[in-house]
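Colleague: Going down the list, the sequences are from chains A, B, C and D.
If you use the UniProt record's numbering, the first sequence corresponds to residues 1 to 412, in order.
If you use the UniProt record's numbering, the second sequence corresponds to residues 1 to 412, in order.
If you use the UniProt record's numbering, the third sequence corresponds to residues 1 to 412, in order.
If you use the UniProt record's numbering, the fourth sequence corresponds to residues 1 to 412, in order.
Each residue gets a CB set at the ideal place from its N, CA and C atoms; glycine is no exception.
Note that the structure is a prediction, hence the values are computed from the model and not measured.
My questions will all concern the structure given below.
4 protein chains.
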Amino acid sequence: MGWKRLLEEYRRVRSFSEQLCKPLAVDDYQIQSITETSPPKWHLAHVSWFFETFVLTPFQADHAPFDTDFHYLFNSYYHTVGPMHPRPQRGLLSRPTLTRVLEYRQQIDEQMEALLSREPGADRDEIAFRITLGLHHEQQHQELLLMDIKHNFWANPLRPAYRDDLKQPSGEAPPMRWLERGGGVQSIGHHGRGFAYDNETPRHSVLIYDHRLADRLITNGEFLAFIEDGGYREPALWLSDGWARLQRDGWQHPLYWELRDGQWSQFTLGGVRPLNLHEPVCHLSLYEADAYARWAGKRLPREEELELILAEQPIMGNFVESDLLHPAPAGTRSQWYGDLWAWTASPYAPYPGFRPLAGSMGEYNGKFMSSQVVLRGGSCVTASRHLRPSYRNFFYPHERWMFSGLRLAEDA
Amino acid sequence: MGWKRLLEEYRRVRSFSEQLCKPLAVDDYQIQSITETSPPKWHLAHVSWFFETFVLTPFQADHAPFDTDFHYLFNSYYHTVGPMHPRPQRGLLSRPTLTRVLEYRQQIDEQMEALLSREPGADRDEIAFRITLGLHHEQQHQELLLMDIKHNFWANPLRPAYRDDLKQPSGEAPPMRWLERGGGVQSIGHHGRGFAYDNETPRHSVLIYDHRLADRLITNGEFLAFIEDGGYREPALWLSDGWARLQRDGWQHPLYWELRDGQWSQFTLGGVRPLNLHEPVCHLSLYEADAYARWAGKRLPREEELELILAEQPIMGNFVESDLLHPAPAGTRSQWYGDLWAWTASPYAPYPGFRPLAGSMGEYNGKFMSSQVVLRGGSCVTASRHLRPSYRNFFYPHERWMFSGLRLAEDA
Amino acid sequence: MGWKRLLEEYRRVRSFSEQLCKPLAVDDYQIQSITETSPPKWHLAHVSWFFETFVLTPFQADHAPFDTDFHYLFNSYYHTVGPMHPRPQRGLLSRPTLTRVLEYRQQIDEQMEALLSREPGADRDEIAFRITLGLHHEQQHQELLLMDIKHNFWANPLRPAYRDDLKQPSGEAPPMRWLERGGGVQSIGHHGRGFAYDNETPRHSVLIYDHRLADRLITNGEFLAFIEDGGYREPALWLSDGWARLQRDGWQHPLYWELRDGQWSQFTLGGVRPLNLHEPVCHLSLYEADAYARWAGKRLPREEELELILAEQPIMGNFVESDLLHPAPAGTRSQWYGDLWAWTASPYAPYPGFRPLAGSMGEYNGKFMSSQVVLRGGSCVTASRHLRPSYRNFFYPHERWMFSGLRLAEDA
Amino acid sequence: MGWKRLLEEYRRVRSFSEQLCKPLAVDDYQIQSITETSPPKWHLAHVSWFFETFVLTPFQADHAPFDTDFHYLFNSYYHTVGPMHPRPQRGLLSRPTLTRVLEYRQQIDEQMEALLSREPGADRDEIAFRITLGLHHEQQHQELLLMDIKHNFWANPLRPAYRDDLKQPSGEAPPMRWLERGGGVQSIGHHGRGFAYDNETPRHSVLIYDHRLADRLITNGEFLAFIEDGGYREPALWLSDGWARLQRDGWQHPLYWELRDGQWSQFTLGGVRPLNLHEPVCHLSLYEADAYARWAGKRLPREEELELILAEQPIMGNFVESDLLHPAPAGTRSQWYGDLWAWTASPYAPYPGFRPLAGSMGEYNGKFMSSQVVLRGGSCVTASRHLRPSYRNFFYPHERWMFSGLRLAEDA
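Here it is as structure tokens:
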């Protein structure tokens, strides 16, 4: 990417973070509802810290840190960079104030603009790579922002809406169709010149087995049939860990669903809405997705199966740019990208020959390759330009606060 | 108290709450560092809720609630009034925003002003009593505000100062003198016409044993001798529960002390300061106070012993009005009131013949009469007009975030 | 007590411990159902350790320890004697085996017999005191044994009976009568030459207020009325800590009660029995006792009130020697001693002028004087010769596995 | 397997369980040191319950259960069979006593003998399959017995030896050699007529990448170099979950190692022994194995890589029949089977086309296919006749009480 286009992209991505925060009151920036989430203020500072740490500090001459304490406060998990503020206590940081965090962002932006306005030198490629990485990093945090805000607001008994002006998705879910997919040795993993995370590499051969893929996600209506058939009360449908979690936390339905006076509703970024049976079912753990698939006599797709079909499709769908911030019924359009991250049956593991990035940036992906599971395809809170067919998202099997959904597969 | 003086007192107390919050950033209002503390925003709303619930709702004609949700959100522990938001989750309430909470305060104030401007009727005494109770309640929360802000800021690794303009206490601690106090059947408990909480009544006879009382609090310097003598490593000095707590939480010194490079410092509302050996030792649990007394070959005073001597003294000392917000060396003045709440040896229990207030206001005191211990005398964050000789403060024996200190006694 | 009578008493008490264990299978000796209980095997060893540590080691010439590891394994809480095995892990000690523990007991008995067979010397009084203390200590552990066995067996879904041959108490509970008791300065605390624990001393004056005492304990039938009136659902009846505990643990009735198909039953040392409405209600926490008293418009007695009346009564009642091991209906007999320990309103605190025993034996009582509450009068699992009018038992207010009951009092 | 040989195998396997328990005292049968382990008594009963539930109940005419309670008490995790006693409370079951459990075993054995002595009917194959499954099940529990006994004894500060007569392994570890292994599409999974668990099926194609395999396990000496190089203090070497676990539990070395006065020792089933640097390093979590591999610049093998080489080797090695009960130095022999289960890099997941067994026996394997990792090759506490090249063992990545070790691999 050219130096100038990089600067444009930098401005675009950075300003979108601020745009996402516009509906927030100062009070909202401070909330961390559970350990897994972070306060919006922390996100805004951390993504700036990323540029300061990995771009400005090494590549800006005489870089003077905005605040030396920030190095400790806004490091997320880069042990090789130094010690860090404990994650569960991010919500206790009333200082630095939001005002000061915004000043920080502004200064970083000014310095980044300056860096990108100078004549490129020998370090040009490395800088461009790191900035690109930083922008993808910030886009990930934009998705986290929306996930976290949703959970923060849901933890408030008032159930406030993040935005009152969101349009509700319309349309219906057509009958599910099954695509026949042939097997054999094929190739997956990132290739070409564009950006990718290290965990998408190297491109390598995989053995595919003949299978069938559903062309759309499972809907609320379909999932309700599972619930009404006693799906949450039948241990034979569940992975052992899933059943233990269900019992421990009293799961009876997906996160954000509520049953009152016989009516189902669902908390969304637009507030509480009646459950729309045509929308894809959302905020499932892997355990719930897997139990549904077992109940339906099917299975979850493998990540390589999804990557191969994603590679055949245009990257189009209900992304964050649609400004619905909620999954939409499939309607007549294809439902391969967007709407919801589809759980796969694939544990998150290194590809054959995987090498993490050198240095601290190698902590980005590789060290999380245990006990998590891959999801594919992006969601209604993902930036479309952030996606690739080879993109591997990953969460623990019990987690539910991300925009996760369920697509079925079966052996041929 | 006359209707007009009550209005003046109302204005005075209410505006002091806002004055205390002036040094806070919006972000600071949201923090709840531990379950025991509450966010400043919550305090501001709760004390207003108290007036709305116990004064306006019953006595204002056609009272329309400011917000019906507030009844649930800002009830602290009045089960008889209805269900309430769980205490540990007060820090998650970004909504209502601070702005809206301040509007709430303002509307309550306007309605209270109106109530106090009308001609008093037959309910005059009851209203006056409840307003007086509400003002004492708010004064308690002003003390809690300062306790909680101190802990919130300490939980931040930046250790920000609540105020940069606080004067540091000066002076020295004179040698401790022992007052001989005779025994016999005497009377304690509230008497006279002034306001008192129900837990200070009825006035009743108690049997006093001959004893001696120290005329000042134990200092940091004296407590340091205990530490340096291995006080925190010698189980024989500790109550069994205290030793278990010490080991569980790794106590090695009072809360807010820190040892770095051989130098002791102490976190205060004015930020981190070098430890002043002449100041009274502060933020002790009962266990630490009791262990010190045992080490010194003395004991803690009983609450009746302190009440009797307090009743002989003017209510003067280092209170919140001194604006030090920190205990001061005794110097030449008497150190009976203010500076620090003195732990007593007395479990918090009902007086013979105790009757809680009728109705919900009866939940104010009586239901806490188990496993807590009485403290007496007020502190540097207590309003002087809030104090009485018969005033009984109480905390659990392991708690340390209040401004608690230690005075010795011994049997004659 | 003479040397010879002491030996007889030693034999009597020690053999009773073994008699109590006769109904146990080897497997039963190993169980620790909750942290508060200890495996029967551990009790048997610990009481022997007490004699070894406090009598044989200091007073037997050339005492060679049976096993040096036992000093660590069977120390309960005497920090001044050395480190100890963590209490929650007592149930993990399959070694030493029961066989070896019984050998240990036997060797200690032989050495104690030898000690008591030699000519008494100058240390005679100290030895006699320590042996007497050790025998009272063992009697306390006999009571704990029965408490713990009951809980251990209840934790087993088979609900096995400790003994199949226990007689069931018979008789009825007569109407409750109220005794008028006058006030004034009176004396309590141990006096005379007999043995007492340090916590019963010194004898001292107390101020008594006019009051009334119920002449029997509250029955299952009376307590059932409290339950059926919604007593476990009404927070206004409960101490704040009690209500929190009730909610945390889901209390709906006393420990060991069970409601199945509309019928109440109760687990006893003789197995599950239908609830006898005439028996005293048993295994209450202080919180439940206090809530009942509040519901009944009465209060719990103070410990001094009970001591004074106990001092007027013969030490007779349903003790462990009755071999019912369960409280019995009051019938026509007096119900001051035995059946159940009566909760008092008195926090467990030192008497004025209290001095713990010197040295390690001082850890016996004093260090527990915080957050616990006094119970009086002995129970159906207490040895009658272990009791005195001044005897102070104590437990935490939430504990329920001891044989605790409820007697009402009221102000005159 | 013929009916008669099956009976012989039944006798052989069943009697071996009892032989393994011979060194235990009755007390030892009761211990459950951590939730993951079970008391030996429970193991003995559960494996008998398996035969009763899955063989005798369906196939023995007029089967009368030995004790109807056992169905609840000794069900491990078969939800489809009915509710079960909670796993963490197995150690509380003093009843049924060991004596009764042994009677149970005996009766099951008599009934099984009778069943196997009758003329086989149409259900012959199903019965034979279930008995074979039951015997493999019991062999797994024999391994668990030794794992659990080791942990139980280690949890005792006396560190008793399970057996005093165990021979210590001798010999040295030769230099590690690397085997070149070619890639391509190959087949793994069970084939042929012999018994296998459902999780080893179906046999299927896998894509193998060129790689190298170490011909022996990593030794204590080699692992010590990792420790001395700061391996447990360098987060960059660890998976994120592993580093969190290390910090939470304070890991500084493998389980059962101890450093005292500069000397390393290791707890074994033969008691505490000096650390033998030539023995394979034992009782590693996946996290430790993975960190070592990263430190060494290598990786863990994939399960298919190990299966292919195991299929080429005779099933010989240091198994439970060697009666060392501890891993031995590789010496001159091959170290592919036995000694220690080798961690692989492969999450435990279903094979393509996997179908669990029908009915309750389908709960044996499939439901555990999340968050666990595969180990291969058997160990010094595994029965050699229990092993197959396709055998998949699995544990959570943080678990360490099994006999797990570490073999290196690298990409070619």
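1) How about D:M369: is its C-beta nearer than 8 Å to some C-beta of chain G?
2) Can you say whether B:K4 is buried or exposed, counting buried as having 16 or more other CB atoms within 10 angstroms of its CB?
3) Cβ atoms of C:K298 and C:A409: under 8 Å apart, would you say?
4) Could you pull the DSSP bridge partners for A:E258 from this structure?
5) Is it buried or exposed for D:Q139, if we count other Cβ within 10 angstroms and need 16 for buried?
6) Would you call the segment 362–372 of chain D and the segment 240–255 of chain D touching, i.e. three or more CB-CB distances under 8 Å?
7) Are any of the Cβ atoms in chain D nearer than 8 Å to that of A:T80?
8) When you compare the CB positions of C:W295 and C:F223, do they come within less than 8 Å of one another, or not?
9) Going by alpha carbons, who is nearest to D:H253 out of D:D241, D:S240 and D:F267?
10) Taking the alpha-carbon positions, what's the D:H79 to A:P397 distance?
11) Measuring only the C-alpha atoms, how far is C:E307 from C:G182?
12) So for B:Y337, helix, strand or coil by DSSP?
13) Between which two residues does the alpha helix (DSSP H) holding A:W178 run?
14) Spatial neighbours of A:T35 within its chain, please: C-beta separation below 8 Å, excluding the five flanking residues on both sides.
15) Do the CB positions of B:E52 and B:L135 come within less than 8 Å of each other?
16) Check the DSSP bridge columns for C:G317 and list the partner residues they point to.
17) Can you tell me where the alpha helix (DSSP H) with B:R212 in it begins and where it stops?
18) Taking the beta strand (DSSP E) that B:L274 belongs to, which residues open and close that run?
19) Entirely within the segment 58–143 of chain C and at least 4 residues each: give me those alpha helix (DSSP H) ranges in chain order.
20) Going by DSSP, which residues form a beta bridge with C:Q186?
21) For C:L213 and C:A25, I'd like the C-alpha separation in whole angstroms.
22) So does the segment 336–346 of chain D actually touch the segment 178–198 of chain D, counting three or more Cβ pairs closer than 8 Å?
23) Using only CA atoms, which one of B:W154, B:L98 and B:E113 lies nearest to residue 429 of chain B?
24) Check distances from the C-beta atoms of the segment 348–366 of chain A to those of chain D and list, in chain order, the residues that come in under 7 Å.
25) Please list, in chain order, the residues of the segment 83–101 of chain D that have any C-beta partner in chain C closer than 8 Å.
26) What is the rounded straight-line gap between the Cα of B:R105 and the Cα of C:H211?
27) Taking contact to mean 3 or more Cβ pairs, one atom from each stretch, closer than 8 Å, check whether the segment 189–209 of chain A and the segment 148–163 of chain A are in contact.
28) Give the straight-line distance between the Cα atoms of C:L207 and B:H204, rounded to the nearest whole angstrom.
29) Taking a contact to mean a Cβ-Cβ separation below 8 Å, would you say C:L20 touches C:Q142 in this structure?
30) Evaluate the contact criterion for the segment 230–245 of chain C versus the segment 64–72 of chain B: three or more CB pairs, one atom per stretch, below 8 Å.
31) Return the CA-CA distance between A:Y348 and A:R392, expressed in angstroms with no decimal places.
32) Which same chain residues, not among the five before or five after D:H283, have their C-beta less than 6 Å away from its C-beta?
33) Which residue comes first and which comes last in the alpha helix (DSSP H) that contains A:G411?
34) Is the beta carbon of C:S334 closer than 8 Å to that of C:L375?
35) When the Cα atoms are used, what is the spatial distance from A:S285 to D:T219?
36) Residue range of the beta strand (DSSP E) that B:F195 falls in?
Modeller: Based on what the coordinates show:
1) As a matter of chain content, chain G is missing from the structure shown, whose protein chains are A, B, C and D.
2) For the purposes of this step, residue 4 of chain B is identified with residue 4 of the second sequence, where counting begins at 1. Looking at its Cβ environment, which holds fewer than 16 other Cβ atoms inside 10 Å, B:K4 is exposed.
3) Counting from one through the third sequence, the residue named residue 409 of chain C turns up at place 409. Counting from one through the third sequence, the residue named residue 298 of chain C turns up at place 298. With contacts defined as CB atoms closer than 8 Å, C:A409 and C:K298 qualify as a contacting pair.
4) Here residue 258 of chain A corresponds to residue number 258 of the first sequence, with the count starting at 1. DSSP output for A:E258 lists A:S265 as bridge partner(s).
5) Translated into positions along the fourth sequence, residue 139 of chain D becomes position 139. By the 10 Å Cβ count, D:Q139 comes out buried.
6) Taking one beta carbon from each stretch, the segment 362–372 of chain D and the segment 240–255 of chain D have fewer than 3 pairs nearer than 8 Å; the two do not touch.
7) For the purposes of this step, residue 80 of chain A is identified with residue 80 of the first sequence, where counting begins at 1. Taking Cβ atoms only, chain D reaches closer than 8 Å to A:T80, which makes this a yes.
8) Here residue 295 of chain C refers to the residue found at position 295 when the third sequence is read from its first residue. Here residue 223 of chain C refers to the residue found at position 223 when the third sequence is read from its first residue. One thing to note: C:W295 has its Cβ no nearer than 8 Å to the Cβ of C:F223.
9) Counted from its first residue, the fourth sequence places residue 253 of chain D at position 253. Shortest Cα-Cα distance from D:H253 to any of D:D241, D:S240 and D:F267 involves D:F267.
10) Within the fourth sequence, residue 79 of chain D is the residue found at index 79, counting from 1. Within the first sequence, residue 397 of chain A is the residue found at index 397, counting from 1. Straight-line Cα distance between these residues: approximately 21 Å.
11) If you number the third sequence from 1, residue 307 of chain C lands on position 307. If you number the third sequence from 1, residue 182 of chain C lands on position 182. C:G182 has its alpha-carbon roughly 14 Å from the corresponding atom of C:E307.
12) Along the second sequence, read from residue 1 onward, the residue named residue 337 of chain B stands at position 337. Strand at B:Y337.
13) Counting from 1 along the first sequence, the entry for residue 178 of chain A is found at position 178. Run containing A:W178: none in the alpha helix (DSSP H); it sits in the beta strand (DSSP E), W178 to R181.
14) Indexing the first sequence from 1 puts residue 35 of chain A at position 35. Within the same chain, and ignoring the five residues on either side of A:T35 in sequence, the residues whose Cβ sits closer than 8 Å to its Cβ are R87 and P88.
15) Within the second sequence, the letter at position 52 stands for residue 52 of chain B. Within the second sequence, the letter at position 135 stands for residue 135 of chain B. By the CB criterion at 8 Å, B:E52 and B:L135 fall outside the cutoff.
16) The residue given as residue 317 of chain C occupies position 317 in the third sequence. The partner list for C:G317 (beta bridge, DSSP) reads C:Y337.
17) Within the second sequence, the letter at position 212 stands for residue 212 of chain B. From DSSP, B:R212 is part of no alpha helix (DSSP H) but of the beta strand (DSSP E) over H211 to A214.
18) Taking the second sequence and counting its residues from 1, one reaches residue 274 of chain B at position 274. Checking the sequence shown, residue 274 of chain B turns out to be Pro, not Leu. Where B:P274 is concerned, the enclosing beta strand (DSSP E) starts and stops at G271 to P274.
19) Within the segment 58–143 of chain C, the complete alpha helix (DSSP H) runs of at least 4 residues fall at 70–73 and 98–117.
20) As a working note, residue 186 of chain C is residue 186 in the third sequence. Note: C:Q186 sits in a beta bridge opposite C:V206.
21) Taking the first residue of the third sequence as 1, we reach residue 213 of chain C at position 213. Taking the first residue of the third sequence as 1, we reach residue 25 of chain C at position 25. CA-to-CA, the gap between C:L213 and C:A25 works out to about 44 Å.
22) Counting Cβ pairs under 8 Å, fewer than three are found: no touch.
23) There is simply no residue 429 of chain B to check, as chain B begins at 1 and stops at 412 in what is shown.
24) Result list: A349, P352 and G353.
25) Correct list: H85, Q89, G91, L92, L93, S94, R95, P96, T97, L98 and T99.
26) On the second sequence, position 105 is the one that residue 105 of chain B refers to. On the third sequence, position 211 is the one that residue 211 of chain C refers to. Rounded to whole angstroms, the separation of the alpha carbons of C:H211 and B:R105 is 47 Å.
27) Cβ pair count under 8 Å is below three, so no.
28) One-based indexing of the third sequence puts residue 207 of chain C at position 207. One-based indexing of the second sequence puts residue 204 of chain B at position 204. Their backbone Cα atoms lie some 11 Å apart in a straight line.
29) Reading the third sequence from its first residue, position 20 is the one you call residue 20 of chain C. Reading the third sequence from its first residue, position 142 is the one you call residue 142 of chain C. In terms of Cβ geometry, C:L20 and C:Q142 form a close pair [threshold 8 Å].
30) Too few Cβ pairs lie closer than 8 Å, so no.
31) Numbered from 1 along the first sequence, position 348 holds the residue referred to as residue 348 of chain A. Numbered from 1 along the first sequence, position 392 holds the residue referred to as residue 392 of chain A. Just so you know, the alpha carbons of A:Y348 and A:R392 end up roughly 8 Å apart.
32) Taking the fourth sequence and counting its residues from 1, one reaches residue 283 of chain D at position 283. Only P254, L255, Y256 and R400 meet the Cβ criterion.
33) Within the first sequence, the letter at position 411 stands for residue 411 of chain A. The residue asked about is misnamed: residue 411 of chain A is Asp in this sequence, not Gly. Per DSSP, A:D411 belongs to no alpha helix (DSSP H); it is in the beta strand (DSSP E), A409 to D411.
34) Here residue 375 of chain C refers to the residue found at position 375 when the third sequence is read from its first residue. Here residue 334 of chain C refers to the residue found at position 334 when the third sequence is read from its first residue. Against a cut-off of 8 Å, the Cβ pair of C:S334 and C:L375 comes out as no contact.
35) Position 285 of the first sequence, counted from the start, is the residue given in the question as residue 285 of chain A. Position 219 of the fourth sequence, counted from the start, is the residue given in the question as residue 219 of chain D. The alpha-carbon atoms of A:S285 and D:T219 are separated by roughly 40 Å.
36) As a first step, residue 195 of chain B is located in the second sequence; it is residue number 195 there, counting from the start. For B:F195, no beta strand (DSSP E) run applies, since DSSP gives it neither H nor E.
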